[in-house]
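**Student:** Handing you this structure, nothing more for now.
Written as structure tokens, this is what we have:
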């Protein structure tokens, strides 16, 4: 079954002719249609889009939780047929095992691989040390703050040495300050490990600040509306977020997403709502924008 | 300990406090445990008040809708207690009841928990067994007494069977409930880390269901005692339920209350044991 593509380097994600539909009583509903994306080895790519556009669906298909209705997802030429430790995933809800200590959580992937206890304990300690969490190895996740939980989540996903790291709005539940620190930590880890990252977010600043490239998706049924390279130099500093280059990128992405968000809401808006919106659109009616 | 974790990864800037004297330590301990101490104190007072009211009602033989004329006083019950603890027959009654509970409840847990886990994981097993369980579940264990006597060759076995039935369904139903509440994101997280079916069962489904399994065990233990006492009163020859009923037949009123209190203490003790086991097995839930 597995279709081999010429490129066999480490962590090359390829999504081609992808569509995914859910079966409902009224017939199939398209969540994502006609989508092509790719992530080169070692690249940091984000997907942004209005809520409900199917960006998480796309990510879950790359993870192997969802099967595409049409098209194909490959990593290094190997077809994705189900979840695997080769594709580490970080979830918005942290999803740490509450019955395992911080260290046991990090050890989990190594344990599944059959690594002996003493060896994986040592490995987990080293990783926790890199993330500044060594003092909390014996704590249960419940006792940690959100930012610490997500740091453990990232370390756990990286512990098995996956080819790619998939993140589904990982910092969505964190406060603004913690989020900035987490972005820095993620960038550091990514640069050290030279791993490919596919990052889903609705936060435009976050996408620009972190990524080499950003895909912007259309409203449901989602497809790729635009692909924006982010030429900002690395290492990136917080101060860059005020640069004219950053702000120009931000404006561009913002207007793309605004358009799509209005489209997504269009179906639900009644006449009264339309009138309200037309004021906000500086004279353009909703129909014009669409 | 938890306080440190909540404070986050900030470097500790405060120097270590000098060792406190015994007096300040005691004061601190008191401040931290004030709520618990208060509850204990009120609990003790409330129990003493209960004894006092009981004493007054029985010594003055109050008749007000209910009749306390023949009800034994606390002192009479205490007297029969001091006699009973030297009586090997009384101890045998208690020991036999405990053995029946132990066997019946253990069987229910050994069968009910794995069955619930398997039913929660495999649809077909659920579809086959669930309807039968739902039909049998509402039948009170006491209603099984005649059937149990027919089914089992000895009286002892039928009593254990009744005890088993009483605790089996709460354990099964709660285990199933726990399985249905397992967070699917945790299953996904395990899959992403390379876990296969067996590991997911052992590392995710089982520990995630443990809190509900222990709820089932606690409820099951309570129902086990209810069922046991009823079965002993109806068909037994020994056991604390039989002892209580026999006391009534023999007009030994103090022993009735003694039997009741013994049942209460045994029930309380066994549910404390389960709670302790739960804390031992689920360290992440104790704060």
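Chains as they are written, first to last, in this note's numbering: chain V, 38 to 327; chain H, 36 to 322. For each residue, glycine too, the CB sits at the ideal point set by N, CA and C.
1) Look up residue 58(V) in the DSSP assignment and give the residues it is bridged to.
2) Which whole-angstrom value describes the C-beta separation of residue 200(V) and residue 113(V), a residue pair presumed to lie in contact below a C-beta threshold of 8 Å?
3) Out of curiosity, what's the CA-to-CA distance linking residue 105(V) and residue 193(V)?
4) Quick one: is residue 374(V) buried, meaning 16 or more other Cβ sit within 10 Å of its Cβ, or exposed?
5) Should residue 177(V) be flagged as near chain H, meaning a C-beta pair shorter than 8 Å?
6) By how many angstroms is the C-alpha of residue 250(H) removed from the C-alpha of residue 280(V)?
7) With 16 as the cutoff for other CB atoms within 10 Å, does residue 226(V) come out buried or exposed?
8) Among the candidates 186(H), 319(H) and 258(H), whose CA atom is the shortest distance from the CA of residue 204(H)?
9) Which runs of the alpha helix (DSSP H) at least 4 residues long sit entirely within the region 230-288 of chain V? Give them in chain order.
10) Report the rounded CA-to-CA distance for residue 148(V) versus residue 55(V), giving the unit in angstroms.
11) With DSSP run on the structure shown, which of helix, strand or coil describes residue 80(H)?
12) Could you check whether the Cβ of residue 200(H) sits closer than 8 Å to any Cβ belonging to chain V?
13) Closest to residue 78(V) by C-alpha separation, out of 250(V), 173(V), 57(V) and 215(V), would be which residue?
14) Is the CB-CB distance between residue 68(V) and residue 107(V) below 8 Å?
15) For residue 213(H), tell me which candidate among 242(H), 81(H) and 230(H) has the shortest Cα-Cα distance.
16) So, do the region 181-190 of chain V and the region 154-163 of chain V have three or more beta carbon pairs nearer to each other than 8 Å?
17) Do residue 331(V) and residue 87(V) have their C-beta atoms within less than 8 Å of each other?
18) What would DSSP say about residue 203(V), mapped onto helix, strand or coil?
19) Confirm, please, whether the CB-CB distance from residue 180(H) to residue 135(H) is below 8 Å.
20) If I follow the unbroken beta strand (DSSP E) through residue 83(V), where does it start and stop?
21) Using a C-beta to C-beta distance shorter than 7 Å, which residues of chain V count as neighbours of residue 226(H)?
22) Residues in the same chain with beta-carbon distance under 6 Å from residue 138(H), minus the five sequence neighbours each way, listed in chain order, please.
23) For a minimum of 4 consecutive residues, which ranges assigned as the alpha helix (DSSP H) are wholly contained in the region 155-235 of chain V?
24) Quick one: which chain H residues come within Cβ less than 9 Å of residue 124(V)?
25) If we call anything under 8 Å between Cβ atoms a contact, is residue 295(H) one with residue 279(H)?
26) Could you work out which residues of chain H lie near residue 100(V), taking near to mean beta carbons separated by less than 7 Å?
27) Using a C-beta to C-beta distance shorter than 9 Å, which residues of chain H count as neighbours of residue 156(V)?
28) Below 8 Å CB to CB, which residues in the same chain sit around residue 187(H) once its five sequence neighbours on both sides are set aside?
29) To the nearest angstrom, how far is it from the Cα of residue 49(V) to the Cα of residue 81(V)?
30) If you check the beta carbons only, do residue 197(V) and residue 122(V) fall under 8 Å apart?
31) Could you check whether the Cβ of residue 226(V) sits closer than 8 Å to any Cβ belonging to chain H?
32) How is residue 313(V) classed by DSSP in three states: helix, strand or coil?
33) Going by beta carbon distance, what residues of the same chain come within less than 8 Å of residue 220(V), once the five residues before and after it are set aside?
34) The region 52-68 of chain V: which residues have C-beta closer than 8 Å to a C-beta of chain H, in chain order?
35) Quick one: grab the DSSP three-state call for residue 39(H).
**Tutor:** On the basis of the data shown:
1) 67(V)
2) 7 Å
3) 27 Å
4) The first residue shown for chain V is 38 and the last is 327, placing residue 374(V) beyond what the model contains.
5) yes
6) 58 Å
7) buried
8) 258(H)
9) 241-247
10) 34 Å
11) helix
12) no
13) 250(V)
14) no
15) 242(H)
16) no
17) In the structure as shown, chain V starts at 38 and stops at 327, and residue 331(V) therefore has no counterpart that could be examined.
18) strand
19) no
20) 81-85
21) 120
22) 195
23) 183-195 and 213-230
24) 227
25) yes
26) 227
27) Under the 9 Å cutoff, chain H gives no residues; its nearest Cβ is about 16 Å from residue 156(V).
28) 193 and 196
29) 11 Å
30) yes
31) no
32) For residue 313(V), the predicted structure reports a pLDDT of 48, less than 50, and the residue's modelled location is therefore unreliable. A value from the coordinates is still provided. In this structure, residue 313(V) counts as helix in the three-state DSSP scheme.
33) 208, 243, 246 and 247
34) none
35) Residue confidence for residue 39(H) is low, a pLDDT of 40 falling below 50, so the modelled location carries little weight; the figure read from the coordinates is stated next. Correct three-state label for residue 39(H): helix.
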